[in-house]
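To keep things clear, I will list the structure first and then write my remarks on it.
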Amino acid sequence: MSKKILLEKASIPGIKTYEVYRQNGGYASVEKALKSMTPDEVVEEVKTSGLRGRGGAGFPTGMKWSFIDKKSGKPRHLVCNADESEPGTFKDRFLMEYIPHLLIEGMITSSYALEANLSYIYIRGEYMWVYKILERAIKEAYAAGWLGKNILGTGYNLDLYVHCGGGAYICGEETALIESLEGKRGNPRIKPPFPAVSGLWANPTVVNNVESIAAVPWIVNNMGAEYAKIGIGRSTGTKLISASGHIKNPGVYEIELGLSVDEFMNSDEYLGGMIDDRPLKAFVPGGSSVPVLPANLIYKTANGEDRLMSYESLSDGGFATGSMLGSGGFIVYNDTACIVRNTWNFSRFYHHESCGQCSPCREGTGWLEKVLHRIENGHGREEDIDLLWSIQSKIEGNTICPLGDAAAWPVAAAIRHFRDEFEYHVRFPEKIKNRDHFVNEPFEKVRHLVGKQTV
Amino acid sequence: MERLHIKQEINITEALMERINELLSHYPADKKKSALLPVLHDVQDAHDNWLSIELMDKVAEILEIKPIEVYEVVSFYTMFNQRPIGKYMFEFCQTSPCCLRGVENLMDYTCDKLGVKVGEPTADGMFEVRGVECLGACGYAPMMQLGDFFQENLTKDKIDQLIADCRDNKVILHDK
Numbered sequence: 001m002s003k004k005i006l007l008e009k010a011s012i013p014g015i016k017t018y019e020v021y022r023q024n025g026g027y028a029s030v031e032k033a034l035k036s037m038t039p040d041e042v043v044e045e046v047k048t049s050g051l052r053g054r055g056g057a058g059f060p061t062g063m064k065w066s067f068i069d070k071k072s073g074k075p076r077h078l079v080c081n082a083d084e085s086e087p088g089t090f091k092d093r094f095l096m097e098y099i100p101h102l103l104i105e106g107m108i109t110s111s112y113a114l115e116a117n118l119s120y121i122y123i124r125g126e127y128m129w130v131y132k133i134l135e136r137a138i139k140e141a142y143a144a145g146w147l148g149k150n151i152l153g154t155g156y157n158l159d160l161y162v163h164c165g166g167g168a169y170i171c172g173e174e175t176a177l178i179e180s181l182e183g184k185r186g187n188p189r190i191k192p193p194f195p196a197v198s199g200l201w202a203n204p205t206v207v208n209n210v211e212s213i214a215a216v217p218w219i220v221n222n223m224g225a226e227y228a229k230i231g232i233g234r235s236t237g238t239k240l241i242s243a244s245g246h247i248k249n250p251g252v253y254e255i256e257l258g259l260s261v262d263e264f265m266n267s268d269e270y271l272g273g274m275i276d277d278r279p280l281k282a283f284v285p286g287g288s289s290v291p292v293l294p295a296n297l298i299y300k301t302a303n304g305e306d307r308l309m310s311y312e313s314l315s316d317g318g319f320a321t322g323s324m325l326g327s328g329g330f331i332v333y334n335d336t337a338c339i340v341r342n343t344w345n346f347s348r349f350y351h352h353e354s355c356g357q358c359s360p361c362r363e364g365t366g367w368l369e370k371v372l373h374r375i376e377n378g379h380g381r382e383e384d385i386d387l388l389w390s391i392q393s394k395i396e397g398n399t400i401c402p403l404g405d406a407a408a409w410p411v412a413a414a415i416r417h418f419r420d421e422f423e424y425h426v427r428f429p430e431k432i433k434n435r436d437h438f439v440n441e442p443f444e445k446v447r448h449l450v451g452k453q454t455v
Numbered sequence: 456m457e458r459l460h461i462k463q464e465i466n467i468t469e470a471l472m473e474r475i476n477e478l479l480s481h482y483p484a485d486k487k488k489s490a491l492l493p494v495l496h497d498v499q500d501a502h503d504n505w506l507s508i509e510l511m512d513k514v515a516e517i518l519e520i521k522p523i524e525v526y527e528v529v530s531f532y533t534m535f536n537q538r539p540i541g542k543y544m545f546e547f548c549q550t551s552p553c554c555l556r557g558v559e560n561l562m563d564y565t566c567d568k569l570g571v572k573v574g575e576p577t578a579d580g581m582f583e584v585r586g587v588e589c590l591g592a593c594g595y596a597p598m599m600q601l602g603d604f605f606q607e608n609l610t611k612d613k614i615d616q617l618i619a620d621c622r623d624n625k626v627i628l629h630d631k
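Chains as they are written, first to last, in this note's numbering: chain L, 1 to 455; chain V, 456 to 631.
Shown next as C-alpha cells:
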C-alpha cells in the first residue's frame with residue numbers, strides 16, 4: 001500500500017531544476033496531450049480517473065472541468081488554488097517546494113484541456129520563498145518552449161504566471177480567490193453564476209487545488225482507467241496527508257486511498273505512533289474545519305468496521321460518529337491536550353479570518369471565540385455550553401461561503417464528543433487556570449469529578 | 456489615527472519600477488488592478504516593511520486606480536502593515552498544531568528575552584514579536600515567519616541563536 005504518483009520523483013537530487021525534471025520523464029504529458037489528444041479527450045480521461053478535488057470538498061475534477069463555458073467565445077482561465085491555509089494542512093507547499101515542475105506541467109496539460117490561454121497559480125503570500133521557486137521554474141519552462149506561443153509547434157498558446165496573496169484564509173474559497181486575483185478584498189461572491197461561467201474578469205474559469213492539478217500528468221500518461229484502479233471505491237488514486245500534533249513522525253505522506261487509519265498512525269513507514277507513547281485522545285483527519293473524533297471512533301467506525309483513509313470511511317456515520325477526509329490535514333492529540341482550549345483556538349482562527357460580509361459568520365464567530373475563551377479561562381457558566389451549541393447551529397448553512405460551516409462544525413463536534421470536558425471547565429475553574437492544565441493532570445484522571453456539582 | 460502623522464520616505468527606485476512593470480506584464484493591459492497584491496508586497500519590502508498613506512497613494516497612481524481601492528485592500532490582508540514595525544518581526548504561528556508543540560511557552564520566552572510584549576517593537580526598533588494564524592508548517596512546529604522565510608522546529612536555543620544572528624546582521628529577510 002505505498003503507491004506513489006505525486007512524490008515518486010520528489011527525492012531525486014536536483015529534481016527542482018528543469019533539466020533533471022525533464023531527464024526523468026517530465027513534461028511527457030504535455031507532449032502526449034498536445035500532439036495526440038483533443039482537449040475534450042483530456043477532460044474525458046480525467047473524468048474516467050475519478051479524481052476528486054484535493055482542496056477539501058472532494059468534488060470530481062473532470063466534472064468541474066466539463067462545466068466550463070466553451071461556447072461563449074470568451075477567454076478561459078485555469079487558476080490553481082495554492083492558498084493553502086487550513087490549519088493542519090501543509091501538503092501543497094511540500095509539493096511546490098520539492099517538485100515545482102510537476103505543478104507547472106499539470107497546469108499546461110490542464111489548461112490545454114480547458115482551452116485556456118492565460119492561467120495563474122495563486123499562492124498565499126506567506127509562502128513567499130515558494131512563490132520565488134515557482135517564478136523561477138516558470139521562467140525555465142518558458143525558456144524551454146513549454147509556455148508561450150505555439151507550444152511544440154501545435155499552435156496552442158499559453159501564458160502562465162504565479163500571483164501571491166496577502167494573508168487571508170478566505171482566499172482559499174474559489175470566488176474570494178478570484179476577487180483577490182482581481183486586486184480586491186477577498187469577499188466571496190454569491191453563486192450562481194459559478195466561475196465556470198463567470199469567473200476571473202467575468203470570463204469562464206476553473207479553480208483547482210495544487211494536488212488535483214499535479215495528478216493530471218500521471219492520468220494523461222497512464223490513462224484515467226489506470227488511475228481509477230488505485231485506491232478504493234469512489235476514493236480513487238493517492239492523497240497527500242500532512243500530519244502534525246502528538247505523533248512521532250510529523251510530515252507529508254503520499255498514501256493510497258483506502259489505507260487503514262491504524263496502519264497510517266502506527267506503522268514506522270508513516271507516523272510511527274504517539275510521541276512519548278502517551279495515550280491517543282482525539283484526531284482531526286482533514287484540517288481544522290472537519291469534526292474532531294474521540295479515540296474510540298478513530299480506528300473503528302461506529303459499526304465496528306476498520307476506519308480507512310478514504311472519503312467514504314472517514315465520513316461513515318455522518319457527523320454523529322464520523323468526520324471527513326477534507327484537505328488531508330491530519331492533527332493528532334494525546335491525553336495532555338485540552339479540547340476546550342483547542343476549540344477556542346480554532347474559533348479565534350475563524351473569527352480572525354471571517355471576511356465580514358455575512359452577519360451570522362462575522363458576529364457568530366466572535367461570539368464563539370468569546371464564550372469559549374471565558375470557559376477556557378475559568379469564567380464559564382453552566383448554560384454557556386448550550387449557548388455555544390445554539391450559536392454554531394445558527395451560523396451553519398446561513399452564509400454565502402463555507403467558512404461559516406467550517407467555523408461551526410469543530411465547535412459542534414467538540415461538544416458532541418467531549419461535553420464532559422466543557423462541564424469540568426465550568427465546574428472546576430480553579431483547576432484549569434494554568435494553560436497546561438491537562439499536561440500536569442490529564443483529563444482522564446479527573447473525569448470522575450465532573451458528575452459532582454460544586455457549590 | 457496616530458499613524459497618519461508618521462512620515463515615510465518614499466523611494467520608487469529604478470529597480471523597483473522595473474519589477475513593478477514586470478508584474479504588470481502578467482495581466483491584460485486593461486487589468487492593471489490585478490497586480491495590486493504582488494506590487495504591494497514589493498513596494499512594502501522596499502520601504503522598511505510598512506505602507507504609509509502617501510505610499511499607498513503612490514501605488515494607486517502607478518496602477519491607475521483610486522487610492523481607496525488600495526486602502527481597502529491593505530486593511531483587509533494581514534501581511535500589509537500600516538505602521539512602522541520592528542525590523543526583525545518574529546511572527547509565531549499560534550494556531551492549534553503549533554500550540555500542541557509548545558509555541559505559547561516559546562513566545563513567552565522570546566518576549567521575556569527581548570523585554571517586550573506581543574505587538575510592541577523593542578525600543579531600538581530592531582525586534583517585534585507577533586502571534587499570527589496558521590502558516591502551513593504544522594508538522595515542523597513550533598515555528599515562525601521571519602521576512603520571506605520560515606524558521607521551523609524551534610527551541611529556546613534556536614531562538615537565542617536567531618536573535619544573535621539578527622543583531623550581527625546575518626539574517627536575510629527578503630529573497631530578491
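Glycine included, C-beta positions come from ideal geometry on N, C-alpha and C.
Per DSSP, the bridge partner or partners of residue i
| i | result |
| --- | --- |
| V:P597 | None, per the DSSP bridge assignment. |
| L:D420 | In the DSSP output, where bridge partners are listed per residue, L:D420 has none listed. |
| L:R82 | The amino acid at residue 82 of chain L is misidentified as Arg; the sequence shows Ala. Paired residue(s): L:I123. |
| L:D306 | L:K300 |
| V:D603 | Note: V:D603 sits in no beta bridge, so no partner. |
| L:D159 | L:L118 |
| L:L293 | L:F283 |
| L:G148 | L:L158 |
| L:G328 | L:G328 pairs with nothing; no bridge assigned. |
| L:R52 | L:P60 |
Buried or exposed (CB count within 10 angstroms, at least 16 for buried), residue i
| i | result |
| --- | --- |
| V:E583 | buried |
| L:M1 | Per-residue confidence for L:M1 stands at a pLDDT of 48, beneath the threshold of 50, marking its modelled position as unreliable; no derived number is given. |
| L:G153 | exposed |
| L:M223 | exposed |
| L:F67 | exposed |
| L:M324 | buried |
| L:E140 | buried |
| L:R447 | exposed |
| V:M534 | buried |
| V:F547 | buried |
| L:A202 | exposed |
| L:L297 | buried |
| V:E457 | Confidence is the limiting factor: at V:E457 the pLDDT is only 49, short of 50, which leaves the residue's position unreliable, though a coordinate-based value still follows. Exposed. |
| L:V455 | Since pLDDT at L:V455 reaches only 44, below the 50 mark, its modelled position is unreliable, and the value read off the structure follows with that caveat. Exposed. |
| V:R538 | exposed |
| V:N504 | buried |
| L:T236 | buried |
| V:A549 | The sequence given here has Gln at residue 549 of chain V, not Ala. The residue is buried, with at least 16 neighbouring Cβ atoms inside 10 Å. |
| L:K281 | buried |
Check whether residue i and residue j have beta carbons under 7 Å apart
| i | j | result |
| --- | --- | --- |
| L:G106 | L:V216 | yes |
| V:V573 | V:P597 | no |
| V:M581 | V:K542 | yes |
| L:I472 | L:G328 | One cannot answer for residue 472 of chain L here, as it falls past the ends of chain L, which runs 1 to 455. |
| L:I339 | L:G245 | no |
| L:I391 | L:L368 | yes |
| L:E115 | L:P193 | no |
| L:F264 | V:G591 | no |
| V:Y564 | L:G167 | no |
| L:S119 | L:H77 | yes |
| L:H352 | L:G366 | no |
| L:G88 | L:S212 | no |
Exercise. Which parts of the region 194-261 of chain L are runs of the alpha helix (DSSP H), unbroken and 4 residues or longer, counting only runs that do not cross its ends?
Worked result: 210-222, 224-229
Exercise. Looking at chain L, which residues of the region 593-616 of chain V have a Cβ within less than 9 Å of any of its Cβ atoms?
Worked result: If you check each beta-carbon in the region 593-616 of chain V against every beta-carbon of chain L, the ones closer than 9 Å belong to C593, G594, Y595, A596, Q600, G602, D603, F604, F605.
Exercise. Any residues in the region 83-113 of chain L with a beta carbon nearer than 7 Å to a beta carbon of chain V? Which ones, in chain order?
Worked result: E84, S85, P87, G88, T89, F90, R93
For this session: Can you give me, in chain order, the residues of the region 134-152 of chain L that have a beta carbon less than 8 Å from any beta carbon in chain V?
Result: Correct list: empty, as no residue qualifies.
Exercise. Closer than 8 Å, Cβ to any Cβ of chain V: which residues of the region 167-195 of chain L, in chain order?
Worked result: G167, A168, Y169, S180, L181, E182, G183, K184, R185, G186
Exercise. Quick one, which residues of the region 221-247 of chain L are near chain V if we go by CB-CB under 8 Å, in chain order?
Worked result: S242, A243, S244, G245, H246
Exercise. In the region 312-344 of chain L, which residues sit with their C-beta less than 8 Å from some C-beta in chain V, listed in chain order?
Worked result: G329, I331, Y333, A337, R341, N342
Exercise. Between the region 114-125 of chain L and chain V, which residues of the former have a C-beta closer than 9 Å to a C-beta of the latter?
Worked result: L118, Y120, R124, G125
For this session: At 3 residues or longer, and completely inside the region 505-589 of chain V: list those beta strand (DSSP E) runs for me, N to C.
Result: 543-548, 582-587
Problem set entry | Near-chain V residues of the region 358-374 of chain L (beta-carbon distance less than 7 Å), N- to C-terminal order | none
Exercise. Got a sec: which bits of the region 520-540 of chain V sit with their beta carbon under 7 Å from any beta carbon on chain L, in order along the chain?
Worked result: E527, V528, F531, Y532, T533, M534, F535
Exercise. If you measure beta-carbon to beta-carbon, which residues of the region 260-287 of chain L are closer than 7 Å to chain V?
Worked result: none
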